[in-house]
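**Student:** Below: one structure in structure tokens.
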Amino acid sequence: MTYDVIIVGAGNAALAAAVSAKENGAEKVLVLEKAPREMRGGNTHWSGGVLRFAFDDPHELGPLLPGVEDEYEDFYSGIQPYTREDFHGDLMRVTSGQTDPVLSRVLVDNSRDTVFWMNEVGAVEMEPAITLTGVRRENRIVWARGLVVRAAHEGVGLSRSWFATVERLGIEVRYGASVMALLQDDRGHVCGVRVRDDAGMSNIDGRAVVLGCGGFEANVQMRTQHIGPLVGAAKVRGTPHNQGDGLRMAMAIGAMPWGQWSGCHATPISADWGNFAPRELTDRSNRLSYLYGVMINRLGRRFVNEGEDGAMFTYAKYGRAILAEPGAKAYQIFDSQVVHLLEPRYSTSDPIVADTLEELVEQLDIDDKKQALRTLVEYNAAAKHASDGFEPSAKDGLSTTGLALEKTNWATKLEAPPYYAYSATGGITFTFGGLKVDEQARVIGTDWRPIPGLLACGEMIGGLFYDNYPAGTGLVSGATFGRIAGRSAARHPANSPVAEAVSA
Ligand SMILES: Cc1cc2nc3c(=O)[nH]c(=O)nc-3n(C[C@H](O)[C@H](O)[C@H](O)COP(=O)(O)OP(=O)(O)OC[C@H]3O[C@@H](n4cnc5c(N)ncnc54)[C@H](O)[C@@H]3O)c2cc1C
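Rendered as structure tokens:
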């Protein structure tokens, strides 16, 4: 049998592509997932499910969040509009202007529509992203700009919803089916895949193939080769199955690598976690409240401006910053006046606690404790009191003065005992390097022409992110380009009635 569309992978991007292919007229759609059923869902399962998208008026979110005003008093007053220009500006700012001009526009301009499509067609229920992006100010919640909504029950719920929709639409999913290679006909059209499963090796024919099988974040060799030995040794925050297979098989038939292959999304996570995050604890390893405290390395020194920006704009690069420090380890130190602001994920490990900074430092696993204490004392001398204008929900401009490395926001003194220290290392989330695609998600070859019949989406697309990443963009990008890829695959000339007639 020849499938109309074969989808490789079963994360957010791939399943968006499967649903879109069906919606756009493909009858026989096959999803091939390398992981066994109980490990299905890729990084999407591990994710926080947060969705960044543009909207002009907060009330536009209403249809996504039925009943929200009963749950949150004065809900809309805590939300600022987040226009396309705001979203694109954030992408440009955090990537130092390097984001692909065409793809970033496709992402931003489709972002709102994509999320509504996920909700309406994908049957993905939504909820306010309270634990991650909401900060209480008096009687109401103030929400981070552009980051108000997430999939209900986070990545677990998102993944579960996509599979339910795929099954409802009668789309066939095969688990434990590892795609090893792409098949091409004599004209160079991609016409199927070679698969390894429990039965051995076999070929499956398809008129178009969509690659949605992730980056190379779980592949130690590729991490080391492309990003460097420090990231090679990083702990993996998501699925162990994203090994760069799709990138390698596409490049083997002439696809063009694109974007920052030396770059990745890596966040501060607890140093106590293993090399791969447990599936049931999903993203609970994150330690992203460093902006309210101070981070020191094993030499007892600060090494980043913890208050450079909101965590959602710095977390994706500060994990990598920790990996570059001795032993790839740091401590995040807080006092009692801010500890209630730590996001709930901190509860998955026990902090070191002491009544004085001296006693706290004494308990840390670091090489230069004297320097650590000096650093904290100097920091305290340069920092401000909370009463000087500390405002946790916005950049408050409360800066240290006189340090070689200033902390430029939320720089309150560590002055209220007891004091808390949480360990941190860098955990890799996904890789920035990928394939070159056009605005129809067609994979471009090294001859600068589309490879007929080959589409890509999700983490496999290169060029959107460089050095850094605005939180909540991966899933919206995945669904946006997945939806486009599914449509392009369904409408691929080989799937048109004319082609049917010719081949018959
Ligand atoms: C802990 C964590 C938290 C995150 N939180 C957020 C968040 O809140 N918001 C956000 O926007 N983003 C978040 N992200 C990023 C987001 O999860 C990813 O951008 C997104 O899930 C990628 O989707 P994808 O479909 O491209 O890949 P994946 O969801 O990883 O799916 C790829 C699939 O391909 C399969 N596969 C791989 N190789 C093969 C092969 N050879 N044959 C067949 N199948 C194959 C894999 O098994 C996997 O199922 C987070 C990521 C992690 C790890």
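Start counting the sequence shown at 4; every next residue gets the next number (the numbering used here).
Every residue gets a Cβ at the ideal spot worked out from N, C-alpha and C, and that includes glycine.
Nothing here was measured: the structure is a model prediction, and the numbers come from that model.
1. Within the same chain, show all residues whose beta-carbon is closer than 8 Å to that of N517, passing over the 5 residues directly before and after it, in chain order.
2. With distances taken from CA atoms, which of R377, M42 and H48 is nearest D286?
3. Report the rounded CA-to-CA distance for L363 versus K373, giving the unit in angstroms.
4. Count the other CB atoms within 10 Å of the CB of L284; is the residue buried (16 or more) or exposed (fewer)?
5. Counting only the same chain and skipping the five closest in sequence on each side, list residues whose C-beta sits under 7 Å from that of G65.
6. Would you say the beta carbon of N289 is closer than 8 Å to some non-hydrogen atom of ligand 1?
7. Would you kindly check if the distance between the Cβ of V11 and the Cβ of V182 is under 9 Å?
8. Decide if W451 is buried, meaning its Cβ has at least 16 other Cβ atoms within 10 Å, or exposed.
9. Here's the rule: buried if 16 or more other CB atoms are within 10 angstroms of the residue's CB, otherwise exposed. What is S50?
10. Please name the residue in D358, E36 and G203 whose C-alpha comes closest to that of L417.
11. Rounded to whole angstroms, what is the Cα-Cα separation between D371 and L379?
12. Among R490, M225, S426 and F279, whose alpha-carbon lies nearest the alpha-carbon of V356?
13. Which value, in whole angstroms, describes the spacing of the CA atoms of E394 and G475?
14. Does at least one heavy atom of ligand 1 sit under 8 Å from the Cβ of N465?
15. If G405 sits next to D399, beta carbons under 8 Å apart, how far is it from one beta carbon to the other, in whole angstroms?
16. Expressed to the nearest angstrom, what Euclidean distance is found between the alpha-carbon atoms of R490 and R445?
17. How would you call D103, buried or exposed, if buried means at least 16 neighbouring beta carbons within 10 angstroms?
18. To the nearest angstrom, how far is it from the Cα of V34 to the Cα of P260?
19. Hey, quick one: how far does the alpha helix (DSSP H) through M4 stretch, first residue to last?
20. Could you work out which residue in R251, R301 and I325 is closest to K238 when comparing CA atoms only?
21. Is any non-hydrogen atom of ligand 1 found closer than 8 Å to the C-beta of T168, if you look at the structure I gave you?
22. With H, G and I counted as helix, E and B as strand and the rest as coil, what does DSSP make of Y261?
23. In whole angstroms, what separates the C-alpha of Y382 from that of T403?
24. Would you call the CB atoms of L457 and V109 closer than 9 Å?
25. Run through the segment 169 to 228 for me and flag every whole beta strand (DSSP E) of 3 or more residues, listed as ranges in chain order.
26. Which of the three DSSP states is assigned to G514 in this structure?
27. If I follow the unbroken beta strand (DSSP E) through S426, where does it start and stop?
28. Tell me whether the beta-carbon of A236 lies closer than 9 Å to the beta-carbon of A331.
29. In whole angstroms, what separates the C-alpha of R143 from that of I82?
30. Tell whether a beta-carbon distance below 9 Å holds between V297 and K410.
31. Quick check on R490 - is its C-beta less than 9 Å from some C-beta in chain D?
32. Look up G448 in the DSSP assignment and give the residues it is bridged to.
33. Give me the Cα-Cα distance between L150 and E123, rounded to the nearest whole angstrom.
**Tutor:** Here's the rundown:
1. With the chain running from 4 to 507 in the structure shown, residue 517 is simply not present.
2. Closest option to D286, judged by alpha-carbon separation, among R377, M42 and H48: H48.
3. Spanning the two alpha carbons is a distance of roughly 12 Å.
4. An exposed status is given to L284, since fewer than 16 other beta-carbon atoms sit within 10 Å of its beta-carbon.
5. In its own chain, leaving out the 5 sequence neighbours on each side, no residue places its CB closer than 7 Å to the CB of G65.
6. The closest heavy atom of ligand 1 lies less than 8 Å from the beta carbon of N289.
7. Yes. Within cutoff.
8. Counting Cβ neighbours within 10 Å, W451 comes out exposed, since fewer than 16 surround it.
9. S50 comes out buried.
10. The option with the nearest alpha carbon to L417 is D358.
11. D371 and L379 have their C-alpha atoms spaced approximately 13 Å apart.
12. Selected option, being the one with the closest Cα: S426.
13. Distance between the alpha carbons of E394 and G475: 23 Å.
14. Position check: residue 465 holds Gly in this sequence, whereas Asn was assumed. Taking 8 Å as the cut-off, the C-beta of G465 does not count as close to any heavy atom of ligand 1.
15. Not a contact, Cβ separation roughly 19 Å.
16. One alpha carbon belongs to R490, the other to R445, and they sit about 11 Å apart.
17. Burial call: buried.
18. If I take the Cα positions, the gap works out to 24 Å.
19. In the DSSP assignment, M4 falls outside any alpha helix (DSSP H) and carries neither an H nor an E.
20. Checked all of R251, R301 and I325; the closest Cα to K238 is I325.
21. Using a cutoff of 8 Å, the CB of T168 does not count as near ligand 1, since none of the ligand's heavy atoms is closer than that.
22. The amino acid at residue 261 is misidentified as Tyr; the sequence shows Trp. W261 falls in the strand class under three-state DSSP.
23. Y382 and T403: Cα-Cα distance of roughly 7 Å.
24. Not a contact, by the Cβ cut-off of 9 Å.
25. The beta strand (DSSP E) runs lying completely inside the segment 169 to 228 and spanning 3 residues or more are 175 to 177, 181 to 187, 193 to 200 and 203 to 214, given in chain order.
26. Here the chain has residues from 4 to 507 only, and residue 514 is not among them.
27. Unbroken beta strand (DSSP E) run through S426: Y422 to T434.
28. Yes; because the gap between Cβ atoms is below 9 Å, this pair is in contact.
29. Straight-line spacing of the CA atoms in R143 and I82 works out to 10 Å.
30. In this structure, K410 lies closer than 9 Å to V297 by Cβ.
31. The structure shown contains no chain D; it is built from a single protein chain.
32. The partner list for G448 (beta bridge, DSSP) reads A258.
33. Near 20 Å, if we compare the C-alpha coordinates of E123 and L150.
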